[in-house]
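Worksheet: the structure to be examined is printed underneath.
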Amino acid sequence: MIVEFKESFKKDLEKILDKKILVNVNSVIEQVEDSHSLDQLNKLKKLKGYKTFYRIRIGDYRIGLTIERSTVSFVRILHRKDIYKFFP
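Residues are numbered in this note's numbering as their position in the sequence shown, beginning at 1, plus a constant of 365.
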């Protein structure tokens, strides 16, 4: 799959200091890049009420994604208490 990173995702990622979370984020990004379909992503969950918005859970953090055709855009990564205020 083609992977894009939005500027907001990059800024959010810089604010995360926990090394364990960062390692898990890198492994999720690699999984998304290597996958050929959404079925291969085991932590992916579709957001109710939206056609192209998804989330991936990593501990107390959530990655907000949009998926259109074969392009995955990483939009936000925030703590679970904040993600739904800013995404989608």
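Think of the CB as a built atom: it goes at the ideal place given N, C-alpha and C, for glycine as much as any other residue.
#1: Please determine, among I442, Y419 and I432, the residue with the shortest C-alpha to C-alpha distance to K380.
#2: What residue range is occupied by the uninterrupted beta strand (DSSP E) comprising K411?
#3: Please identify the residue among P453, K450, K446 and S438 whose C-alpha is closest to the C-alpha of K375.
#4: With DSSP as the reference, identify every bridge partner of S438, one or two as the case may be.
#5: Who are Y426's beta bridge partners in DSSP?
#6: Using a Cβ-Cβ cut-off of 8 Å (strictly less than) and excluding sequence neighbours within five positions of N389, which residues of its own chain qualify?
#7: Enumerate in chain order the residues of its own chain whose CB-to-CB distance from S400 is below 8 Å, with the five nearest sequence positions on each side excluded.
Concretely, from the data shown:
#1: Walking along the sequence shown from the start, residue 380 turns up at place 15. Of I442, Y419 and I432, the residue nearest in Cα terms is I442.
#2: One-based indexing of the sequence shown puts residue 411 at position 46. That run of the beta strand (DSSP E) goes L409 to K411.
#3: By 1-based counting over the sequence shown, the position of residue 375 is 10. The shortest C-alpha separation from K375 is found at S438.
#4: What you label residue 438 is simply residue 73 of the sequence shown in a count that begins at 1. S438 pairs with E369 and T431.
#5: Reading the sequence shown from its first residue, position 61 is the one you call residue 426. DSSP output for Y426 lists I423 and H444 as bridge partner(s).
#6: In the sequence shown, the residue the question calls residue 389 occupies position 24. So the qualifying residues of the chain are I423 and G424.
#7: What you label residue 400 is simply residue 35 of the sequence shown in a count that begins at 1. Non-local beta-carbon contacts of S400 in its own chain, meaning distances under 8 Å to residues more than five positions away in sequence, involve M366 and L406 in chain order.
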